[in-house]
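Note sheet for the following structure.
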Amino acid sequence: MSLLQAVKYQRGKLEVLDQLLLPHEFHYDTVSTRQEAFDSIATMRVRGAPAIAIVASLGLAVELHNNSISASSDGEVIAQIDEALDYLKESRPTAVDLTNAITQLKTIIRTADGKGKEAIVQAFIEEAERIFEKDLQSNLSIGDFGAQWLQSQVGASPDQKISVLTHCNTGALATSGHGTALGIIRTLQSKGYLKHAFCTETRPYNQGSRLTAFELVHEGIPSTLITDSMAAALFRTKKAENNIAAVIVGADRVVRNGDTANKIGTYQLAVLAKHHGIKFIVAAPTTSIDLETKTGDGIKIEERKREELTQISGAVVGSDGRVDGNNKVRVATADQRIAVWNPAFDVTPAEFIDVVVTEKGAVEKGPDGTFDFSKILPERW
Ligand code: MRU
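Numbering-wise (the numbering used here), the sequence shown opens with residue 224 and increments by one.
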């Protein structure tokens, strides 16, 4: 089985999978400049909080590697890199991984201040590469901690397999590999704990049906696709039969008290999970934690353009049921004059979240109903 990769990188060369073409077509764009990285992220050809940070960091690393900076002092080199990072920060506002990566990169280049232009650029490139590599390690740990938590809390085991529901896409395509929420599902499957995975189609860009369903099928994980509006019916009618024990989602930003921004529709799943006695798990690397923002009210929610809701792209399906990847179409799914509200994310209050699973461990809510991340992030507290 081939490995799904959102990003292919070697020093001086970055290729980014165009996820808007999936599942019909596999096409990698070459990204060599900050503008190309910005464009890939803003148009959602690459998406998912960790992958966005990776493409911004590596895109600028490639630009710096291939084009010499014209600056006469170290201070000027640092100022030019800062300017490029500030530009990239504007590509999408909600996921905090990008902001955290930028802060880290700005700090690192300052450690090479006084050592010359090459040393500053080298420090930047090495740090961008580290961000990429560390993400995969984090995801593997999240998978292990998540499976352990489910074993201890709901008795997940080969003798008592559980089913789970996930939303949006949090898999290999949203990260540098394995995935976060989908990473836990992969680990559950590899340990023999998983009975079935349900995934929602997810609005506005159908990341669930286009990407998660694709990843689940690719991995041979027993799975079923539902629309977002079927979750309540699923829990009511199929929970017992399937032993649906958890909803597992990713995060774009987990703030200080545990309130979590994730793909629109996450909040309604959390409310439903609570009503039906199903655990609600947020799987997120610590790069998705924002300790500066106290509660979810402080999170900026991105609103996307109307066409993402009123039109859809696809490929023609022939009468034999086969998808013709060369025959693409864009069709209207609504009266084009209707007013549209299209927030890309919502905030799930901490009270609905049972656990935040990070690469440093699973953090449960304290008796005051909020999360205390000082146990895993003492250095940022
Ligand atoms: O708008 P998107 O597709 O970038 O949103 C993605 C999500 O909401 C994911 O759940 C989140 O970024 C976590 S990806 C590991």
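Just so it is clear, CB atoms sit at the ideal spot from N, CA and C, and this is done for glycine as well.
- Residue pairing for residue 331: DSSP places it in no beta bridge.
- Only buried fits residue 242, as 16 or more other CB atoms lie within 10 angstroms of its CB.
- Checking the 8 Å criterion, the Cβ of residue 538 is out of range of every heavy atom belonging to the ligand MRU.
- Within the same chain, Cβ atoms closer than 6 Å to the Cβ of residue 393 are found at 402, 403, 404, 405 and 473, the five residues on either side in sequence being excluded.
- For the pair residue 416 and residue 437, the Cα-to-Cα distance works out to about 21 Å.
- With a 10 Å radius around the Cβ and a threshold of 16 neighbouring Cβ atoms, residue 604 comes out exposed.
- By the beta-carbon neighbour count (other beta carbons within 10 angstroms, threshold 16), residue 330 is exposed.
- A straight line joining the alpha-carbon of residue 384 with that of residue 375 spans about 13 Å.
- Taken in chain order, the whole beta strand (DSSP E) runs of length 3 or more contained in the region 343-370 number zero.
- The DSSP assignment places 530-533 as complete runs of the alpha helix (DSSP H) inside the region 523-597, in order along the chain (cut-off: 4 residues).
- Contact check for residue 508 and residue 361: beta-carbon distance about 4 Å, within the 8 Å limit, so the pair qualifies.
- When distances are taken from the beta-carbon of residue 511 to the heavy atoms of the ligand MRU, the shortest one is below 8 Å.
- Excluding the 5 residues flanking it on each side, residue 390 has same chain C-beta neighbours closer than 7 Å at 423, 425, 431, 472, 486, 488, 489 and 492, in chain order.
- Relative to the ligand MRU, residue 451 has its C-beta separated by 8 Å or more from all heavy atoms.
- For residue 393, the Cβ falls inside the 8 Å cut-off from some heavy atom of the ligand MRU.
- Judged by DSSP in its simplified three-state form, residue 289 adopts helix.
- Placement of the Cβ of residue 340 at a distance of 8 Å or more from every heavy atom of the ligand MRU is found.
- The criterion of a C-beta distance shorter than 9 Å is satisfied by residue 445 and residue 419.
- Between the C-alpha atoms of residue 262 and residue 475 there is a straight-line separation of about 19 Å.
- In the three-state reduction of the DSSP assignment, residue 421 falls in the strand class.
- Here residue 458 is buried, its C-beta having at least 16 other C-beta atoms within 10 Å.
- The three-state reading of DSSP puts residue 447 in strand, counting E and B together.
- Counting only the Cα atoms, residue 577 lies some 10 Å from residue 592.
- With a minimum length of 3 residues, the unbroken runs of beta strand (DSSP E) contained wholly in the region 489-518 fall at 502-506.
- Per DSSP, reduced to three states, the secondary structure at residue 459 is helical.
- Under the three-state reduction of DSSP output, residue 268 falls in the coil class, being neither helix nor strand.
- Between the alpha carbons of residue 253 and residue 237 lies a gap of roughly 6 Å.
- The secondary-structure analysis by DSSP pairs residue 231 across a beta bridge with 238.
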